[in-house]
Amino acid sequence: MEFKDNIPIYLQIEQYLYRQIALGKLTAGEKIPSVRKLALELTVNVNTVQRALQQMNSQGILYTKRGEGNFVTENTKLLSETKQSLINNELEQFVQNMEEFGIGRNELVSTLENYLKNGGDQNE
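Residue numbers (the numbering used here): 583 to 706.
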């Protein structure tokens with residue numbers, strides 16, 4: 583994972599884990615990798631990973647079983663809301679990027695439809 587300098591690392595780790603959950607790579611009730619394993623995989627300090635997990639625990643996305651580790655919540659409604667929130671954030675970023683290119687909101691749908699119709703190649 584490549585970290586951005588302008589966003590705290592623990593927040594980026596949270597976003598990474600949220601994305602893994604939203605993509606179904608971590609499912610409801612599934613045990614997530616240990617703090618140490620995540621720290622090694624992401625090449626960050628154990629305390630940084632712990633901070634991210636604590637945040638996610640306080641938000642209810644993860645829960646801890648003493649002596650067993652952290653698990654993804656089984657609250658499917660919360661997981662669904664979290665996934666929708668991630669999708670909305672991606673869409674917001676997409677719309678902002680298109681506006682920077684001069685594509686207004688009224689042109690956005692037709693531009694995207696043309697892109698998808700042409701298989702992603704706008705030069706056809």
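Every residue gets a Cβ at the ideal spot worked out from N, C-alpha and C, and that includes glycine. Everything numeric in this text was worked out from a predicted model, so none of it was measured.
Distance from the CA atom of TYR592 to the CA atom of VAL631, rounded to whole angstroms, is 6 Å. Residue pairing from DSSP places ASN652 in a beta bridge opposite THR646. Sequence-distant partners of LEU661 (beyond 5 residues in either direction) whose C-beta falls short of 7 Å from its own C-beta, in its chain, are ILE603, ALA610 and THR655. Our two residues, ARG648 and LEU668, have alpha carbons roughly 29 Å apart in a direct line. By the criterion of a C-beta distance shorter than 8 Å, MET680 is surrounded in its chain by LEU690 and THR693, once the five residues flanking it on both sides are discounted.
Straight across, the Cα-Cα distance linking SER616 with VAL677 is about 37 Å.
Per DSSP, GLU612 is not a residue of any alpha helix (DSSP H), being assigned neither H nor E.
Around the beta carbon of ASN652, 16 or more other beta carbons sit within 10 angstroms, so the residue counts as buried. For VAL677, the enclosing alpha helix (DSSP H) covers residues 658-682.
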